[in-house]
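Visitor: Below you will find the structure I want to go over with you.
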Amino acid sequence: MSDHSLVRIDDALCRVNRQSVLNVDSFAISPGEHWCVFGPNGAGKSLLAALLANKRRESATYVSYSADFLPARDCLLVSFEEQQRLWQLDNRLDMSEYSERAEDRGTLVADLIKSPRQEAENEALFVDLVTQLGLAELLEKGIRFLSSGQIRKVLIARALYAASGQQNKLVIFDDPLESIDRDSRQRIANCIQQYLGSGFASLLLSRRQQDILPGTTHLALMDELRLLAQGSTGEIQTSQAFEQLVSRKPEIPAQLPSPPGNGEEESTASGSHYIELKQVSASYGDLLVLNAVDWQMTADDHVLIEGPNGCGKSTLLSLIDGENHKGYGQDVYLFGARKGSGETVWDIKSRFGIVSNELHNKYVKGWKVLDVVVSGFFDSVGLYDDSGSAEWDAARAWLRTLGIGELEKHYYHEISFGQQRLVLLARAMVKHPTILILDEPCVGLDDYHRQLILGTLNTIAGQTRTRIIYVSHVSDEEPAFATQRLRFVPAASGGFTLEQTRI
Numbered sequence: 030m031s032d033h034s035l036v037r038i039d040d041a042l043c044r045v046n047r048q049s050v051l052n053v054d055s056f057a058i059s060p061g062e063h064w065c066v067f068g069p070n071g072a073g074k075s076l077l078a079a080l081l082a083n084k085r086r087e088s089a090t091y092v093s094y095s096a097d098f099l100p101a102r103d104c105l106l107v108s109f110e111e112q113q114r115l116w117q118l119d120n121r122l123d124m125s126e127y128s129e130r131a132e133d134r135g136t137l138v139a140d141l142i143k144s145p146r147q148e149a150e151n152e153a154l155f156v157d158l159v160t161q162l163g164l165a166e167l168l169e170k171g172i173r174f175l176s177s178g179q180i181r182k183v184l185i186a187r188a189l190y191a192a193s194g195q196q197n198k199l200v201i202f203d204d205p206l207e208s209i210d211r212d213s214r215q216r217i218a219n220c221i222q223q224y225l226g227s228g229f230a231s232l233l234l235s236r237r238q239q240d241i242l243p244g245t246t247h248l249a250l251m252d253e254l255r256l257l258a259q260g261s262t263g264e265i266q267t268s269q270a271f272e273q274l275v276s277r278k279p280e281i282p283a284q285l286p287s288p289p290g291n292g293e294e295e296s297t298a299s300g301s302h303y304i305e306l307k308q309v310s311a312s313y314g315d316l317l318v319l320n321a322v323d324w325q326m327t328a329d330d331h332v333l334i335e336g337p338n339g340c341g342k343s344t345l346l347s348l349i350d351g352e353n354h355k356g357y358g359q360d361v362y363l364f365g366a367r368k369g370s371g372e373t374v375w376d377i378k379s380r381f382g383i384v385s386n387e388l389h390n391k392y393v394k395g396w397k398v399l400d401v402v403v404s405g406f407f408d409s410v411g412l413y414d415d416s417g418s419a420e421w422d423a424a425r426a427w428l429r430t431l432g433i434g435e436l437e438k439h440y441y442h443e444i445s446f447g448q449q450r451l452v453l454l455a456r457a458m459v460k461h462p463t464i465l466i467l468d469e470p471c472v473g474l475d476d477y478h479r480q481l482i483l484g485t486l487n488t489i490a491g492q493t494r495t496r497i498i499y500v501s502h503v504s505d506e507e508p509a510f511a512t513q514r515l516r517f518v519p520a521a522s523g524g525f526t527l528e529q530t531r532i
């Protein structure tokens with residue numbers, strides 16, 4: 030390289046799918062620079078980062094590195110994809126079936142944090158990162174037992190531990206505050222900011238203006254797989270291009286498609302119980318998660334569920350939607366009947382629509398958008414032969430309502446993350462479920478798609494008989510339609526219990 034850059038891209042053209050090509054004329058990061066690449070879902074930020082990190086085959090053609098920079102060693106990733114890679118690797122190495130106690134903790138948090146550092150161990154640095162990020166109680170836990178938010182903090186500690194004081198390191202933060210509970214967001218931002226001055230370079234990928242971290246020295250704007258502008262943070266944040274990106278507003282649907290069948294939804298008596306839990310508990314091995322939980326949700330309620338990472342929010346949802354066997358044999362009542370009193374899992378699923386990160390990741394390559402939406406009628410991942418014209422028409426109507434009707438023949442894996450989340454909302458609503466469960470529905474979304482999702486949910490709450498259960502970590506995401514708040518609070522005897530209030 031002729032300049033002093035750690036990494037540089039020149040005249041790059043990378044095919045993304047059949048319709049799209051990433052185009053980067055030039056982009057470079059030098060030691061000590063802290064860049065933010067800002068843009069909406071589908072802008073190309075993650076593709077740019079993958080190109081820089083030597084994760085694309087085109088990297089060899091378009092990317093050059095300084096003589097002392099080896100991407101596999103010196104590029105440190107904090108991303109959802111890295112979380113998935115580590116989880117999958119740990120699960121493949123699980124020795125539980127060969128262990129006398131049928132238990133294998135796998136990779137421990139402490140070992141993962143220390144793993145990529147080439148220099149001698151620095152105990153003071155390790156302790157400081159663990160303290161700042163609130164990881165002390167997790168150090169002896171296996172990473173496969175962590176929540177998404179917890180492992181995100183571990184990856185941040187791992188990257189900072191390896192990079193601090195090293196000028197040949199590049200840390201790539203792909204939305205590091207995503208999936209983080211509100212109490213941890215400021216702590217993480219402060220920790221990252223403190224270490225940005227220690228010599229390494231960084232690249233932050235951000236979808237939301239509020240998540241551009243203090244300490245960012247340079248800003249690049251991306252949209253539609255192109256770099257629009259780049260320069261110092263102050264210069265770019267006052268530019269017209271930045272203003273245009275952050276001021277986009279969605280059109281909220283004013284009218285929703287009619288329910289299937291005769292076009293009228295079943296009426297339900299006001300005040301009748303949809304969900305009732307009486308002293309329900311759930312444990313995993315010796316770990317008590319839910320402790321003597323009581324909860325009542327009536328036909329009049331839209332519920333907001335709040336709580337820190339790892340408190341058991343997803344466990345609670347799985348107890349009621351048919352997925353978790355721990356709900357059987359306890360006082361769990363759904364629509365007036367005790368769970369396990371003769372109904373099938375499919376009977377339960379037919380009453381629920383689901384939008385979640387877990388479901389989002391089940392639709393891999395091969396499914397077209399319209400297929401994904403129609404599969405909501407069958408509560409399946411994939412389609413069977415008994416779908417008819419009514420189901421296809423309803424699916425198309427929901428896609429048009431959400432402003433993505435033109436995508437029906439596109440492959441799900443080829444559209445943007447925000448568009449995928451809208452497709453899942455259409456999938457959940459085609460059958461006009463009794464209860465719509467939204468487990469962190471805005472995770473990974475830019476401000477435009479967040480406003481569109483939340484505005485559409487307001488319309489659903491106002492125009493249909495579907496009741497909504499909404500799980501969120503984010504302080505500015507309290508939905509207007511919520512009438513009841515469930516807050517997870519630590520129980521004196523371990524685990525978490527629920528605090529139920531009206532809104």
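According to this note's numbering, the sequence shown is numbered sequentially starting from 30.
Where a beta carbon is used, it is the ideal one built from N, C-alpha and C, also for glycine.
Here the structure is a predicted model, which is why all the values come from computation and not from measurement.
1) What does Gly260 pair with, by DSSP beta-bridge criteria?
2) Quick check: the Cα distance between Glu207 and Val410, rounded to an integer number of angstroms?
3) So who's on the other strand from Thr530, going by DSSP bridges?
4) Looking at Leu199: is its Cβ nearer than 8 Å to the Cβ of Ser231?
5) Tell me Ser343's beta-bridge partners as DSSP assigns them.
6) The alpha helix (DSSP H) spanning Gln556 covers which residue range?
7) Which complete alpha helix (DSSP H) runs does the region 93 to 159 hold, if anything under 4 residues is left out?
8) Should Thr245 be labelled buried (16 or more other beta-carbon atoms within 10 Å of its own) or exposed?
9) Using beta-carbon positions only, say whether Pro462 and Thr495 come within less than 8 Å of one another.
10) Got a sec, what are the start and stop residues for the alpha helix (DSSP H) Tyr477 sits in?
11) Using only the alpha-carbon positions, how far apart do Leu32 and Arg479 sit?
12) Taking the straight line between their C-alpha atoms, what separation do you get for Phe202 and Phe406?
13) DSSP three-state call for Gln48: helix, strand or coil?
14) My guess is that Leu431 and Leu399 are in contact by the Cβ rule of under 8 Å, so how many angstroms apart are they, rounded?
15) Quick check on the DSSP output: the beta strand (DSSP E) that includes Trp64 runs from which residue to which?
16) Checking 8 Å against the spacing of the C-beta atoms, do Pro401 and Tyr441 come in under that value?
17) Report the option in Leu35, Gln48, Trp324, Lys143 whose CA atom is closest to the CA atom of Leu436.
18) If distances are taken between C-alpha atoms only, which option among Asn83, Ser385, Val518 comes closest to Ser93?
19) Report the rounded CA-to-CA distance for Gln325 versus Lys307, giving the unit in angstroms.
20) Would you report the Cα separation of Leu98 and His63, rounded to the nearest angstrom?
21) Exposed or buried, Thr530, counting other C-beta atoms within 10 Å across all chains shown (16 or more means buried)?
22) May I have the straight-line CA-CA distance separating Gly473 from Gln513, to the nearest angstrom?
23) Output the distance between the C-alpha atoms of Ile38 and Arg146, rounded to the nearest integer angstrom.
24) Can you tell me which of the three DSSP states Thr90 falls into?
25) What is the DSSP secondary structure of Ile241, counted as helix, strand or coil?
26) Going along the chain, which unbroken runs of the alpha helix (DSSP H) with 4 or more residues stay wholly within the region 405 to 456?
27) Would Leu346 be called buried (16 or more neighbouring beta carbons within 10 Å of its own) or exposed?
28) For Glu550, collect the residues of the same chain with a Cβ closer than 7 Å to its Cβ; drop the 5 residues on either side in sequence, then sort them by chain order.
29) Exposed or buried, which one is Trp375 when buried takes at least 16 other CB atoms within 10 Å?
30) What residue does the beta strand (DSSP E) around Ile377 start on, and which one ends it?
31) For Pro462, which beta-bridge partners are listed by DSSP?
32) Can you find the residues in the same chain that come closer than 7 Å, C-beta to C-beta, to Thr526, ignoring five residues on each side of it along the sequence?
33) Going by C-alpha distance, which of Gln273, Leu257, Asp360, Ser261 is nearest Val53?
34) Give me the Cα-Cα distance between Leu483 and His439, rounded to the nearest whole angstrom.
35) Between which two residues does the beta strand (DSSP E) carrying Lys307 extend?
36) Looking at the secondary structure, which residues open and close the beta strand (DSSP E) in which Phe381 lies?
Guide: Looking at the atomic coordinates:
1) Bridge partners of Gly260 according to DSSP: Leu248.
2) Spanning the two alpha carbons is a distance of roughly 26 Å.
3) Thr530 pairs with Arg514.
4) Contact annotation: Leu199 and Ser231 have beta-carbon atoms nearer than 8 Å.
5) In the DSSP secondary-structure assignment, Ser343 is not bridged to any residue.
6) One cannot answer for residue 556 here, as it falls past the ends of the chain, which runs 30 to 532.
7) Runs found: 100 to 103, 109 to 121, 138 to 143.
8) Buried, since its Cβ has 16 or more Cβ neighbours within 10 Å.
9) Using a Cβ distance threshold of 8 Å, Pro462 and Thr495 count as a contacting pair.
10) The continuous alpha helix (DSSP H) containing Tyr477 extends over residues 476 to 492.
11) For the record, residue 32 in the displayed sequence is Asp; it is not Leu. Rounded to whole angstroms, Asp32 and Arg479 show a C-alpha spacing of 41 Å.
12) Going by the C-alpha atoms only, they are around 38 Å apart.
13) Reduced to three states, the DSSP call for Gln48 is coil.
14) Leu431 to Leu399, Cβ: 13 Å. No contact.
15) Counting along the chain, the beta strand (DSSP E) containing Trp64 begins and ends at 63 to 67.
16) Inspection of the sequence shows that residue 401 is occupied by Val rather than by Pro. In this structure, Tyr441 lies closer than 8 Å to Val401 by Cβ.
17) The shortest C-alpha separation from Leu436 is found at Gln48.
18) For the residues Asn83, Ser385, Val518, the minimum Cα distance to Ser93 belongs to Asn83.
19) About 9 Å.
20) Note on residue identity: the sequence assigns Phe, not Leu, to residue 98. Rounded to the nearest angstrom, the gap between the Cα atoms of Phe98 and His63 is 17 Å.
21) Classification of Thr530: exposed, given that the 10 Å Cβ count is below 16.
22) About 25 Å.
23) Each residue's CA atom was taken as its position, placing Ile38 and Arg146 some 26 Å apart.
24) When DSSP states are grouped into helix, strand and coil, Thr90 belongs to the helix group.
25) In this structure, Ile241 counts as coil in the three-state DSSP scheme.
26) DSSP runs (the alpha helix (DSSP H)) wholly in the region 405 to 456: 418 to 430.
27) It is buried - the Cβ of Leu346 has at least 16 other Cβ atoms within 10 Å.
28) Lying before the first or after the last residue shown, residue 550 is absent from the chain, which here runs from 30 to 532.
29) Trp375 should be labelled exposed.
30) For Ile377, there is no enclosing beta strand (DSSP E); the residue is found in the alpha helix (DSSP H) stretching over 374 to 378.
31) According to DSSP, residue pairing for Pro462 in a beta bridge does not occur.
32) Here the set comprises Asn320, Ala321, Val322, Val518, Ala520.
33) Ranking Gln273, Leu257, Asp360, Ser261 by Cα distance to Val53 puts Leu257 first.
34) Straight-line spacing of the CA atoms in Leu483 and His439 works out to 25 Å.
35) Secondary structure note for Lys307: its beta strand (DSSP E) is the uninterrupted segment 302 to 313.
36) Counting along the chain, the beta strand (DSSP E) containing Phe381 begins and ends at 381 to 385.
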